[in-house]
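Counting with my numbering, you get residues 13 to 439 for the letters of the sequence shown.
Backbone N, C-alpha and C fix where the C-beta goes; we use that ideal spot for every residue, glycine too.
Inspection log for the structure reproduced underneath, given as structure tokens.
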Amino acid sequence: MNIDLLIKKFFISSFIKSISSLGLILFNFAIIYLTDKNTLGVLTSAISLIVFLSIFTKFGLNLATLKLTSIFFEKKDIKKINQLILQTILISGFISFIITFFLILFEKEIAFQIYKDNEIKGVLKIFAIALPFFTFLQLQKSLFKSFKIPELSSLSDVGSILFLSLMMVVFFEIININLTIYRISLFFLFSCLIIFSFNNFVLFYIVLKNSNIFKIKKVSISNNLIKTLPDYFSIDFVNFTTVWGSIFLCSFFYNFSSVGSFSSVYWFAYGLLFFPLVLNSIYAPYYAIDSNNNDLKKQKKLFYQNRNLSIIITSPILLILFLFSEFFLKLIFDISSSEFNIIFRILLINSFLRIVFGPQNLFLNMSNEQKHLKFILIFCSIIQIFLTLFALIFKNLIWVSFVFLLSNFIKHVWLFTVLNKKFKTKL
13 MNIDLLIKKF FISSFIKSIS SLGLILFNFA IIYLTDKNTL GVLTSAISLI
63 VFLSIFTKFG LNLATLKLTS IFFEKKDIKK INQLILQTIL ISGFISFIIT
113 FFLILFEKEI AFQIYKDNEI KGVLKIFAIA LPFFTFLQLQ KSLFKSFKIP
163 ELSSLSDVGS ILFLSLMMVV FFEIININLT IYRISLFFLF SCLIIFSFNN
213 FVLFYIVLKN SNIFKIKKVS ISNNLIKTLP DYFSIDFVNF TTVWGSIFLC
263 SFFYNFSSVG SFSSVYWFAY GLLFFPLVLN SIYAPYYAID SNNNDLKKQK
313 KLFYQNRNLS IIITSPILLI LFLFSEFFLK LIFDISSSEF NIIFRILLIN
363 SFLRIVFGPQ NLFLNMSNEQ KHLKFILIFC SIIQIFLTLF ALIFKNLIWV
413 SFVFLLSNFI KHVWLFTVLN KKFKTKL
């Protein structure tokens, strides 16, 4: 990859990604400051639920689209890109409509039987309406990466949605309009709509301005697309378990105040992955292109370049956050608990572990090795789910964080052995 292009895209992507990362942290801070931890816990539970449901509404289409569109775009095959986008819209749109319908229909039962809390009842309805738009945002994110505009892909992140929601929260606070949990939920819905509309404008009026995508009269679902979806769906499901799983499960065992505190600490530690995720979004289409061209040497070179840059950038940040963890938690989230300080340090180590082993998931996904990746991720995910449930029922949140670290360590070591065997990669 051209170094000048890498540097240019890195800085632009970092700026937009910083909005997403700040959105996660500042939204948590603002909701705690302007309302309370209980409100944050309810909102976090609702967000984790639609992220979970979006796995089914996407059904692996985000990963399949990233890989196939990257190849089609490199070959300048606009016809196949148009077909793929329409297929994706039809499949995900249909599934989204069904899940949204049933979520609204059984909202009361979900609130009382599963969450055992009346406050989340009205919130679920609003987030159910947001689900289709949230799903399409994730698909747009893949398209931006495929079209080699990774700097715009971060606009579809949860953090970017929360950043825009935060702007609405601040505006309402300035003009002295009372903030309720339902208004904040509506802000999330409106933010999804605004970003969705902006992304559509960029994709269909700038990037694909002459594609005539909506004039296609006949749309057939490609067998090449369909046969990859189960594997990509499984991978997407496991990725959810890795990132959102602990928060999602905690919402069923702890009160919303504890969920809010755990969520704040979790996302703060996850922020260590800010620069590595920016780099991953830049490198992703090149992995797919080089894999399609059978250029293993170039693939490996990009892998090492990606990983080493991530380690160099994040190491000093890890050191500062680890040594002064109590200070940062108290300053930003008003958390002075020794329990959450230990949790934060464990989660920091977990995030850095992912950086040290490199972008393994992405590399294998883009190299036609999704079946091997799927098996490993599902096995490790099952271990993580059972151990997390054990920790939630019989232990505490420190144990939950340790389970998170342990299961991810097993996963990364296993993936390393696969990469070493197939591609001769090294640490």
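Item, Value
"Distance cutoff 8 angstroms, beta carbons only. Does residue 179 sit that close to anything in chain B?", "Looking for chain B here will not work: only one protein chain is present."
"I'd like to know if the stretch 354-370 and the stretch 47-64 are in contact, where contact means that at least 3 CB-CB pairs between them fall below 8 angstroms.", "no"
"Spell out a yes or no on whether the stretch 302-315 and the stretch 356-367 are touching, meaning 3 or more CB-CB pairs, one atom from each, closer than 8 angstroms.", "no"
"Rank 111, 192, 173, 176 by C-alpha distance to the C-alpha of residue 132 and give the top, closest one.", "192"
"Checking 8 angstroms against the spacing of the C-beta atoms, do residue 148 and residue 107 come in under that value?", "no"
"I want to know whether the stretch 55-70 touches the stretch 89-96 - three or more CB-CB distances under 8 angstroms.", "no"
"Any idea if residue 125 is buried or exposed, counting beta-carbon neighbours within 10 angstroms, 16 or more meaning buried?", "exposed"
"Under 8 angstroms by Cβ, that's how I've got residue 150 and residue 211 pegged, so tell me the actual separation to the nearest angstrom.", "Wrong, their Cβ atoms sit about 11 angstroms apart, outside the cutoff."
"Specify whether the stretch 407-423 and the stretch 260-274 touch according to this definition: at least 3 beta carbon pairs, one from each stretch, less than 8 angstroms apart.", "yes"
"What did DSSP end up calling residue 256 once you bin it into helix, strand or coil?", "coil"
"Can residue 115 and residue 123 be called in contact, C-beta distance under 8 angstroms?", "no"
"Under the rule that 16 or more other beta-carbon atoms within 10 Å means buried, what is residue 258, buried or exposed?", "buried"
"Would you mind giving the Cβ-Cβ distance between residue 198 and residue 39, rounded to the nearest angstrom? I have them listed as a contact below 8 angstroms.", "Contact flag wrong, Cβ pair sits at about 15 angstroms."
"Go to residue 131, then tell me how far its alpha helix (DSSP H) extends in each direction, as first and last residue.", "First-last for residue 131: undefined, no H or E at that position."
"Among 308, 216, 109, 390, which one has its Cα closest to the Cα of residue 517?", "In the structure as shown, the chain starts at 13 and stops at 439, and residue 517 therefore has no counterpart that could be examined."
"Note down, one range per segment and in chain order, each alpha helix (DSSP H) of at least 4 residues found wholly within the stretch 39-77.", "49-70"
"Using the rule of at least 16 other Cβ atoms within 10 Å of the residue's Cβ for burial, across every protein chain shown, is residue 243 buried or exposed?", "buried"
"Out of 251, 328, 341, 311, state which residue places its alpha-carbon closest to the alpha-carbon of residue 11.", "No information on residue 11 is available, as it lies outside the stretch 13 to 439 that the chain covers here."
"In angstroms, rounded to a whole number, what distance separates the CA positions of residue 203 and residue 113?", "21 angstroms"
"Please state whether the Cβ-Cβ distance between residue 88 and residue 300 is less than 8 angstroms.", "no"
"Can you tell me whether residue 299 is helix, strand or coil according to DSSP?", "helix"
"Could you tell me the alpha carbon to alpha carbon distance between residue 37 and residue 170, rounded to whole angstroms?", "11 angstroms"
"Answer with buried or exposed for residue 163, where buried requires no fewer than 16 other C-beta atoms within 10 angstroms of its C-beta.", "buried"
"Quick one: what's got a C-beta closer than 6 angstroms to residue 319's C-beta in the same chain, skipping five residues either side?", "370"
"What does a CB cutoff of less than 7 angstroms around residue 321 pick up in its chain, not counting 5 residues either side in sequence?", "291"
"Taking the alpha-carbon of residue 413 as reference, which of 281, 55, 348 has the nearest alpha-carbon?", "281"
"Do you know how far the Cα of residue 41 is from the Cα of residue 251?", "26 angstroms"
"May I have the straight-line CA-CA distance separating residue 253 from residue 397, to the nearest angstrom?", "8 angstroms"
"What are the boundary residues of the alpha helix (DSSP H) that residue 326 is part of?", "308-335"
"Answer yes or no: do residue 182 and residue 196 have a C-beta to C-beta separation smaller than 8 angstroms?", "no"
"Helix, strand or coil for residue 79, going by three-state DSSP, please let me know.", "helix"
"For the candidate residues 173, 165, 161, 129, whose alpha-carbon lies nearest to that of residue 143?", "173"
"Quick one: residues in its chain with C-beta nearer than 8 angstroms to the C-beta of residue 247, no 5 flanking neighbours on either side, listed in chain order?", "72, 75, 373, 377, 382, 385, 386, 389"
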